[in-house]
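Residue 371 in UniProt numbering sits at position 371 of the sequence shown, and the numbers go up by one each step.
Following: one structure in structure tokens, then a few remarks.
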Amino acid sequence: MSIHIYFIIFIMASGFVVAVPPRPMDPKKDLAVYGYGSVAWKDRMEEWKKKQNGKLQVVEHQGGNDGGNFDEDELDDPDLPKMDEGRQPLSRKIPIPSSKINPYRIIIILRLVILGFFFHYRILHPVNDAYALWLTSVICEIWFAVSWILDQFPKWYPIERETYLDRLSLRYEKEGKPSELADIDIFVSTVDPMKEPPLITANTVLSILAVDYPVEKVACYVSDDGAAMLTFEALSETSEFARRWVPFCKKFSIEPRAPEWYFAQKVDYLKDKVHPEFVRERRAMKREYEEFKIRINALVSMAQKVPEEGWTMQDGTPWPGNNVRDHPGMIQVFLGHNGVRDVEGNELPRLVYASREKRPGFDHHKKAGAMNALMRVSAIISNAPYLLNVDCDHYINNSKALREAMCFMMDPTSGKKICYVQFPQRFDGIDRNDRYSNRNVVFFDINMKGLDGIQGPIYVGTGCVFRRQALYGYDAPVNKKPPGKTCNCWPKWCCLCCGSRKKNKKVKSTDKKKKMKNREASKQIHALENIEEGIEGIDNDRSLLMPQVKFEKKFGQSPVFIASTLLEEGGVPKGATTASLLKEAIHVISCGYEDKTEWGKEIGWIYGSVTEDILTGFKMQCHGWRSVYCIPKRPAFKGSAPINLSDRLHQVLRWALGSVEIFFSRYCPIWYGYGGGLKWLERFSYINSVVYPWTSIPLIAYCTLPAFCLLTGKFIVPEISNYASIIFMALFISIAATGVLEMQWGRVAIDDWWRNEQFWVIGGASSHLFALFQGLLKVLAGVNTNFTVTSKGGDDGEFSELYLFKWTSLLIPPLTLLILNIIGVMVGISDAINNGYEEWGPLFGKLFFALWVIVHLYPFLKGLMGKQDRLPTIIVVWSILLASIFSLLWVRVNPFVSKGGIVLEVCGLDCD
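Shown next, in the form of structure tokens:
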């Protein structure tokens with residue numbers, strides 16, 4: 001490109017100007033050839049600027065209101081202007097580098113090919129003298145291959161994401177104007193204060209109230225599904241302590257904002273702190289928190305002995321929740337109403353206690369029912385367009401977590417198609433070695449990143465920000481098709497015929513739509529008259545598409561709640577009094593409110609499984625929504641996990657039981673949701689999440705094979721040839737390479753990966769098997785199993801529960817496998833010693849097979865032994881008894897021994 005004018009270089013130091021003649025790109029050409037500029041160039045620049053302004057208007061108005069006119073891939077459109085920081089995208093996708101992901105995909109394809117050769121060899125080379133063992137092993141290996149495919153291919157497109165919090169502030173928090181960030185309702189669920197200590201719940205609530213978000217836009221709702229007065233009183237103490245804790249957090253910008261974990265940090269708390277009052281105020285706050293803990297612990301000790309007449313409140317009236325299974329609904333607003341401010345005179349976020357009504361004879365649907373009740377209560381009181389749900393033991397570890405989620409939800413180009421933003425679960429109080437894979441690092445850092453590149457991660461039950469409209473069962477907004485392009489290479493008259501016909505058709509169709517809308521609107525004017533006066537702003541098209549009767553059949557008979565569902569941007573009725581809203585809120589948490597409605601079927605948290613999280617996310621993605629996985633540099637949420645072996649197995653049992661329930665329900669992803677918006681690889685992941693408990697049967701069978709091989713001297717493969725050895729080595733190398741490459745792009749340590757592999761065997765041999773039997777009993781015989789709340793962390797010292805032993809029948813199957821394989825190894829080595837060196841060659845394959853099982857069960861063995869070799873006698877007796885029975889039964893009905901009688905052979909020794 002040539003230079004048309006003289007360049008002027010101003011040399012400020014010397015104070016004079018030097019004119020430098022232009023230097024054209026081609027020195028041979030005369031400067032006169034270039035001329036002095038062109039008006040056409042100026043016109044093109046003006047036209048380009050107009051296009052840029054037009055795109056900005058589209059992004060602000062169409063993308064922000066209609067939602068879904070643009071796909072998220074258009075975030076990287078090079079034509080979008082980049083000069084205005086506040087108008088740039090609020091997040092971006094970061095693909096895994098090709099140097100890491102391409103070899104990973106190649107290894108997956110190679111592993112598929114090797115599996116084909118492997119099964120070709122295995123099926124065509126049966127072991128005739130051990131046909132039962134061979135057939136069992138082949139069936140198990142086929143099932144493992146199918147499970148691997150369902151687990152592997154959803155990780156084909158892993159991505160990471162980055163958010164821009166500064167752009168969010170520039171766009172929605174302008175100086176001198178009120179914040180335009182969206183309101184958020186936060187749900188905290190608790191059931192039993194004896195298993196979920198009130199101090200842990202209080203810390204979670206305090207971290208929510210102190211979050212870095214506009215105070216008037218945050219509301220915290222605590223669901224007490226146990227109607228415990230202990231929880232109510234603890235929440236009252238928490239609201240009082242929050243008046244001092246919240247301003248302290250915001251004044252000094254501390255992290256985390258849960259006092260128990262903040263004061264427990266083993267770091268230099270004076271680092272980067274320059275405020276002279278910080279030390280004095282921190283010491284005072286720590287002293288006040290210790291006093292707060294004493295008051296909470298006093299409430300807990302008092303609650304240990306329940307009076308015969310039940311609990312009474314301060315005014316002398318009986319506590320309504322004395323009967324846990326038969327009590328009215330209760331709602332109490334602790335913070336957020338007029339007159340309650342912090343010690344510095346600032347507003348505090350709203351804090352609401354809610355306990356839904358319970359009566360005998362009603363199915364209350366456990367946690368899913370409690371969440372739906374909170375959803376209706378919050379819609380009446382605050383009606384924020386976004387919801388965050390956390391367990392009572394998951395506190396906000398990153399005070400900007402809500403802003404991280406809003407970078408996706410409020411993005412004007414792609415936010416309208418996002419139903420929820422899922423954060424990974426991180427945990428405190430886990431031993432350094434993570435013996436039982438409590439952190440689930442492989443799932444959260446590998447599997448979830450893979451799903452994020454398809455249609456988004458699955459919902460894991462906590463640490464998730466929802467769009468309220470998506471929970472109401474509405475479909476995701478559909479992208480409008482761009483207008484048809486016309487070519488300017490043909491004269492205009494050649495398209496007149498077709499164009500005129502299309503225009504006429506469009507005009508007729510629009511006229512019909514207008515007439516239909518007018519009719520529906522006239523119907524709705526009469527239908528919505530039943531809704532209380534004072535509700536304004538219902539201009540949503542959904543009110544024109546559904547008569548009042550259908551609204552009531554879908555959402556229930558509450559005009560105020562129905563009106564709130566029509567407000568996409570949230571908000572409460574203008575002019576409504578607090579008393580009237582609370583009265584309506586009590587109505588929507590009554591037992592019979594959900595009868596003959598779509599709650600739990602199409603709306604809210606879905607019923608039918610103890611793992612309601614999988615069902616709820618699956619239903620939303622079947623409606624065409626997508627989800628987003630957000631991993632901030634500082635973990636957004638942290639919680640406690642059961643580090644004890646028995647509690648951990650019971651937790652896995654509950655998850656697996658939920659998957660079995662979904663498998664037998666109408667919402668099973670194998671046959672539900674076709675024709676919707678669910679992508680195939682996403683469906684693979686959901687199918688894998690409901691069929692994995694069935695893997696326990698082939699897994700246990702496969703783990704018993706090495707013991708039987710060693711006891712009988714048979715093996716599952718014939719004499720290995722060079723071709724077979726190459727296939728087996730190639731398969732082993734491909735499995736190892738897949739794991740190594742996953743650890744590389746997922747940034748997972750080898751210890752975490754290996755613990756995950758070990759606990760897959762431990763959980764599969766115990767919890768998954770019991771869950772399968774319990775699920776079959778529930779479906780076939782109608783026998784229900786009780787939901788067991790996992791105990792949260794206590795105060796007995798660091799890792800004290802790691803060595804605590806609790807008897808459970810879940811321990812018997814894996815210990816039986818362990819003893820069987822140890823006995824098999826001992827018998828195999830003894831036979832090899834007695835029979836000479838010729839037996840050692842075939843023995844190595846069997847020993848490797850048995851040691852593979854023993855090494856995977858090693859953490860289980862350590863958990864049984866505890867800290868001081870405290871192995872219960874009952875477990876030893878039962879396990880040895882079962883192992884002996886199986887061994888003797890095998891010897892008695894050994895199918896590999898000739899049935900024609902005893903075979904006598906010449907020993908070869910000369911006795912003479």
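We treat Cβ as the ideally placed atom computed from N, Cα and C, and that holds for glycine.
According to DSSP, is residue i part of a helix, a strand, or is it coil?
{"i": "M330", "result": "strand"}
{"i": "K638", "result": "strand"}
{"i": "P89", "result": "coil"}
{"i": "R435", "result": "coil"}
{"i": "D79", "result": "Legend: pLDDT at D79 = 46, less than 50; position of this residue unreliable, value from coordinates given subsequently. Coil."}
{"i": "N389", "result": "strand"}
{"i": "F423", "result": "coil"}
{"i": "K554", "result": "helix"}
{"i": "L348", "result": "coil"}
{"i": "N187", "result": "For the sequence presented, residue 187 should be read as Phe rather than Asn. Looking at F187 - three-state DSSP - the assignment turns out to be strand."}
{"i": "G63", "result": "The predicted position of G63 is uncertain, since its pLDDT is 41 and thus under 50; a value taken from the coordinates is nonetheless stated next. Looking at G63 - three-state DSSP - the assignment turns out to be helix."}
{"i": "R171", "result": "helix"}
{"i": "residue 938", "result": "This structure leaves residue 938 out entirely; the chain is present only between 1 and 912."}
{"i": "G116", "result": "helix"}
{"i": "S382", "result": "coil"}
{"i": "I418", "result": "strand"}
{"i": "S179", "result": "coil"}
{"i": "V441", "result": "helix"}
{"i": "E74", "result": "Any reading at E74 is ruled out, since the residue's pLDDT is 43, under 50, leaving its predicted position unreliable."}
{"i": "T712", "result": "helix"}
{"i": "P103", "result": "helix"}
Among the options, whose alpha-carbon lies nearest the alpha-carbon of residue i?
{"i": "I96", "options": "L741, I254, N128, E719", "result": "L741"}
{"i": "N323", "options": "E309, P642, R426, W753", "result": "E309"}
{"i": "W754", "options": "R435, D166, Y459", "result": "R435"}
{"i": "E719", "options": "N756, V628, K846", "result": "K846"}
{"i": "S223", "options": "I380, W852, W745, V352", "result": "V352"}
{"i": "I762", "options": "A781, S646, S689, N835", "result": "S646"}
{"i": "G689", "options": "I614, I727, L731", "result": "The question names Gly, but residue 689 is Ser in the sequence shown. Closest option to S689, Cα to Cα, is I614."}
{"i": "P814", "options": "L582, F848, V855", "result": "V855"}
{"i": "C668", "options": "V691, G677, K679", "result": "V691"}
{"i": "F263", "options": "P276, K293, A701, I829", "result": "K293"}
{"i": "V748", "options": "F444, V113, A132", "result": "F444"}
{"i": "E712", "options": "Y131, P126, G677, K93", "result": "For the sequence presented, residue 712 should be read as Thr rather than Glu. Cα-wise, what sits closest to T712 is Y131."}
{"i": "E160", "options": "S830, N835, G746", "result": "G746"}
Looking at residue j and residue i, is the spacing between their C-beta atoms short of 7 Å?
{"i": "N397", "j": "P635", "result": "yes"}
{"i": "I184", "j": "V218", "result": "yes"}
{"i": "S640", "j": "D393", "result": "yes"}
{"i": "residue 916", "j": "D151", "result": "Summary: the structure shown does not reach residue 916, with the chain confined to residues 1 through 912, and so no result is reported for it."}
{"i": "P320", "j": "P307", "result": "no"}
{"i": "I716", "j": "F118", "result": "no"}
{"i": "L206", "j": "P349", "result": "no"}
{"i": "V827", "j": "L710", "result": "yes"}
{"i": "T238", "j": "A284", "result": "no"}
{"i": "Q455", "j": "K155", "result": "no"}
{"i": "N756", "j": "S437", "result": "yes"}
{"i": "D326", "j": "R356", "result": "no"}
{"i": "S659", "j": "G608", "result": "no"}
So, is residue i buried or exposed, given that buried needs 16 or more other C-beta atoms within 10 angstroms?
{"i": "H768", "result": "buried"}
{"i": "I296", "result": "buried"}
{"i": "S99", "result": "exposed"}
{"i": "N447", "result": "buried"}
{"i": "M313", "result": "exposed"}
{"i": "H650", "result": "buried"}
{"i": "A401", "result": "buried"}
{"i": "T577", "result": "exposed"}
{"i": "A585", "result": "buried"}
Name the one or two DSSP bridge partners that residue i has.
{"i": "D224", "result": "T190"}
{"i": "W245", "result": "Beta-bridge pairing links W245 to no other residue."}
{"i": "C464", "result": "N389, Q422"}
{"i": "P95", "result": "I159"}
{"i": "K358", "result": "H327"}
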